[in-house]
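Its first residue numbered 1, the sequence shown is counted upward by one per residue in full-length UniProt numbering. Before any comments, here is the structure.
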Amino acid sequence: MIIAPPKPVPANHIRFGMTDTVPLDLLLDQLREKHFAIAGPTGQRKTLFALSVLKQFVALPEDVCVYVDLGGDPVAYWVLADAAKKADKPVYFFSLNNLHDTVSWDPVLGTPAYAVDTTVASSGVATGLELLHGSGYGRSFYGRLNQREVDSAFDNLIAAKGRLPSFPELVRELSRMGEASRNAKHVSEAFLAAERLLRYDALTGKRPRKLDLGQAIDEGAVIYFYLPTALREEASRSVASMLMRAVMAQCEHRCEEGLPKRYVHLGVDEYPQVAASRGAVDSAMVLARKWSLTIWAIFQDDTQLVTPEGDLRSIIRSQCQRILFARESEEEIKELRERSRDVLRDDTSQSLRGLSHSTSVRQVLEPAISRNDVLELSGVAMRAYAVLRLGDKHRDPIPFTIIPPTASPAEHDLLKRKKLPRYTPASGAAPAEPTTDPLTLRQAERRKRLQDLHHQVRVELSWRLRSDSPSSSEGAV
Numbered sequence: 001m002i003i004a005p006p007k008p009v010p011a012n013h014i015r016f017g018m019t020d021t022v023p024l025d026l027l028l029d030q031l032r033e034k035h036f037a038i039a040g041p042t043g044q045r046k047t048l049f050a051l052s053v054l055k056q057f058v059a060l061p062e063d064v065c066v067y068v069d070l071g072g073d074p075v076a077y078w079v080l081a082d083a084a085k086k087a088d089k090p091v092y093f094f095s096l097n098n099l100h101d102t103v104s105w106d107p108v109l110g111t112p113a114y115a116v117d118t119t120v121a122s123s124g125v126a127t128g129l130e131l132l133h134g135s136g137y138g139r140s141f142y143g144r145l146n147q148r149e150v151d152s153a154f155d156n157l158i159a160a161k162g163r164l165p166s167f168p169e170l171v172r173e174l175s176r177m178g179e180a181s182r183n184a185k186h187v188s189e190a191f192l193a194a195e196r197l198l199r200y201d202a203l204t205g206k207r208p209r210k211l212d213l214g215q216a217i218d219e220g221a222v223i224y225f226y227l228p229t230a231l232r233e234e235a236s237r238s239v240a241s242m243l244m245r246a247v248m249a250q251c252e253h254r255c256e257e258g259l260p261k262r263y264v265h266l267g268v269d270e271y272p273q274v275a276a277s278r279g280a281v282d283s284a285m286v287l288a289r290k291w292s293l294t295i296w297a298i299f300q301d302d303t304q305l306v307t308p309e310g311d312l313r314s315i316i317r318s319q320c321q322r323i324l325f326a327r328e329s330e331e332e333i334k335e336l337r338e339r340s341r342d343v344l345r346d347d348t349s350q351s352l353r354g355l356s357h358s359t360s361v362r363q364v365l366e367p368a369i370s371r372n373d374v375l376e377l378s379g380v381a382m383r384a385y386a387v388l389r390l391g392d393k394h395r396d397p398i399p400f401t402i403i404p405p406t407a408s409p410a411e412h413d414l415l416k417r418k419k420l421p422r423y424t425p426a427s428g429a430a431p432a433e434p435t436t437d438p439l440t441l442r443q444a445e446r447r448k449r450l451q452d453l454h455h456q457v458r459v460e461l462s463w464r465l466r467s468d469s470p471s472s473s474e475g476a477v
């Protein structure tokens with residue numbers, strides 16, 4: 001049997017996949033200012049769905065893709081980088097792996113919007129470093145203390161330098177404040193949370209290519225952050241959180257300044273790992289839509305949305321269009337059935353009375369989606385339900401098959417094994433200049449003092465040994 005190729009995507013449409021009869025094409029205008037939640041267990045190909053849609057947005061001149069990969073799937077980078085190449089757009093690749101050919105991104109100076117309002121910069125850094133502990137007895141108190149210390153560090157540096165500080169300068173100031181304080185508990189918490197990030201070249205400006213979020217958004221770029229939490233859990237989460245806050249601040253700044261329109265798509269694979277509190281998530285999603293920022297949250301199931309900061313399930317259901325790859329619990333099945341219209345179904349009943357046998361048929365209203373329909377689809381990879389509320393009419397949950405972003409499974413396997421860009425220092429490069437980092441200099445001074453003290457002890461010990469020896473005593477008489 002010859003299978004006809006799918007029809008081309010109509011103009012101003014985005015293709016989500018294929019239903020049993022026709023392509024699932026949605027108007028671009030209906031998808032603007034909408035958030036998406038993509039849920040499904042491992043192996044159901046939820047990431048491939050996100051990539052297949054995001055690469056279509058990359059092809060549009062006004063759209064920007066920021067992808068935060070907390071799961072560590074290299075296919076995502078190669079698919080988005082290829083889409084950017086075809087659209088003649090730049091790609092910014094960021095990684096905490098010092099072996100990768102990563103850009104440098106300063107979480108403070110790399111976000112031009114922070115120079116306009118330093119309170120937003122301070123809040124973004126404190127949130128990213130997980131210093132704001134949320135509501136609850138004691139938690140909000142310590143969160144406010146930490147925020148105050150970060151505010152003070154910003155104020156001190158701006159007063160001294162007359163400009164917004166860099167991230168390494170902020171870390172050094174937090175260290176200085178800790179040493180100068182009698183009770184350095186809270187300063188130490190902020191310093192320790194930030195200091196560990198200076199271990200990574202990508203956050204200290206050591207790589208020549210810099211990421212400026214304002215410029216990258218202007219360019220319509222693809223910005224890919226490779227942050228697998230299995231390897232660098234705390235650092236990956238901190239960088240991802242700071243990036244998400246920075247992107248939101250930059251989008252808000254563009255709207256305030258009336259800059260040329262850009263639609264920013266922020267994809268977050270393993271979203272619950274960096275989800276904030278209920279109130280913060282709710283307000284962020286409401287405001288993000290006004291600033292032309294779309295969030296694509298990818299996760300495994302609804303239970304992950306019950307976080308230490310609160311239960312996010314109702315917020316995600318109300319704020320997001322949902323793509324559901326598996327619905328197996330009774331609650332999940334009931335939800336899908338309740339979303340569908342009722343249809344008339346034949347209900348046949350039989351009765352036996354004495355020697356007579358009778359059959360009666362009546363019609364009852366039942367949801368168009370049956371329990372078996374849901375279970376059968378949930379067991380098939382690349383099949384999902386689209387639960388859409390686009391503001392024009394009611395839509396039943398739409399069963400569909402995703403279209404992979406690669407041409408074949410063989411190409412997908414090839415990209416999965418393909419190495420991410422590696423860093424190769426330029427041959428014949430000039431020797432590194434002596435460091436001027438106060439932290440490094442202080443460590444070097446301490447090391448030198450210890451070496452000098454060790455040398456003095458050895459000299460004194462050697463002198464005592466010589467003076468106590470028999471030959472030394474006889475020579476002295």
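We put the beta carbon where it would ideally sit given N, CA and C, even for glycine. Quick caveat: nothing in here was measured; it's all calculated off a predicted structure.
For residue i, the nearest candidate out of the options (CA to CA)
i: A113; options: V247, R327, I333; result: V247
i: residue 479; options: D212, G178, V22; result: The question about residue 479 has no answer here: the residues shown for the chain are numbered 1 through 477.
i: R163; options: D302, L312, V116; result: V116
i: A121; options: Q321, D151, E256; result: D151
i: S238; options: L336, T401, L131; result: L131
i: R262; options: L60, H35, F36, V22; result: L60
i: F36; options: R317, D63, K419; result: R317
i: T118; options: Y92, F154, R144; result: F154
i: F49; options: E62, A193, I403, G143; result: I403
Rounded C-alpha distance that separates residue i from residue j
i: E252; j: V53; result: 24 Å
i: R245; j: G124; result: 6 Å
i: M18; j: E233; result: 37 Å
i: H265; j: E33; result: 10 Å
i: L344; j: W78; result: 49 Å
i: P10; j: D25; result: 8 Å
i: A76; j: V268; result: 11 Å
i: T229; j: S236; result: 6 Å
i: Y385; j: F141; result: 43 Å
i: V281; j: R362; result: 48 Å
i: H13; j: P165; result: 44 Å
i: M242; j: L129; result: 8 Å
i: L375; j: L27; result: 29 Å
i: E256; j: S292; result: 12 Å
i: T424; j: D101; result: 7 Å
i: L174; j: S329; result: 49 Å
i: Q215; j: Q319; result: 29 Å
i: K7; j: K334; result: 34 Å
i: Q321; j: N98; result: 37 Å
i: R371; j: R337; result: 8 Å
i: D201; j: A39; result: 34 Å
i: K419; j: P74; result: 8 Å
i: R417; j: A87; result: 25 Å
i: P438; j: L231; result: Low local confidence applies: a pLDDT of 48 at P438 is under 50, so the model's placement there is unreliable, and no value is given.
Residue i vs residue j beta-carbon contact at 8 Å
i: V66; j: I223; result: yes
i: G178; j: F167; result: no
i: Q300; j: P90; result: no
i: D342; j: L365; result: yes
i: E309; j: A284; result: no
i: V103; j: K210; result: yes
i: S95; j: Y271; result: no
i: E149; j: L157; result: no
i: N146; j: E195; result: no
i: P405; j: K46; result: no
i: A240; j: T111; result: no
i: residue 492; j: D413; result: Here the chain has residues from 1 to 477 only, and residue 492 is not among them.
i: M382; j: T359; result: no
i: S340; j: I369; result: yes
i: Y92; j: A180; result: no
i: L80; j: V58; result: yes
i: S277; j: R327; result: no
Beta strand (DSSP E) segment containing residue i, residue limits
i: M18; result: 13-18
i: Q321; result: 320-324
i: V222; result: 222-226
Where the alpha helix (DSSP H) through residue i begins and ends
i: H253; result: 233-257
i: T119; result: 118-128
i: residue 480; result: Lying before the first or after the last residue shown, residue 480 is absent from the chain, which here runs from 1 to 477.
i: A216; result: 213-219
i: P297; result: Just to set this straight, residue 297 is Ala in the shown sequence, not Pro. Premise fails: A297 lies in the beta strand (DSSP E), 293-299, not in any alpha helix (DSSP H).
i: L415; result: 409-417
Neighbour flag for residue i against chain D, beta carbons, 8 Å
i: L197; result: The structure shown contains no chain D; it is built from a single protein chain.
beta-carbon residue i near the ligand MN non-hydrogen atom, thresh 7 Å
i: T294; result: Because no ligand of any kind appears in the structure shown, any question about the ligand MN cannot be addressed here.
Quick one: which unbroken alpha helix (DSSP H) runs of 4-plus residues sit fully inside the segment 23-91? Chain order, please. Here the runs fully enclosed are 28-31, 46-58, 74-86.
Can you check the segment 260-291 for any beta strand (DSSP E) of at least 3 residues that lies completely inside it and give the ranges in chain order? If we require 3 residues or more, the beta strand (DSSP E) runs fully inside the segment 260-291 come out as 263-269.
Runs of beta strand (DSSP E) lying entirely within the segment 326-407, each at least 3 residues, in chain order: DSSP runs (the beta strand (DSSP E)) wholly in the segment 326-407: 342-353, 356-367, 383-387, 398-401.
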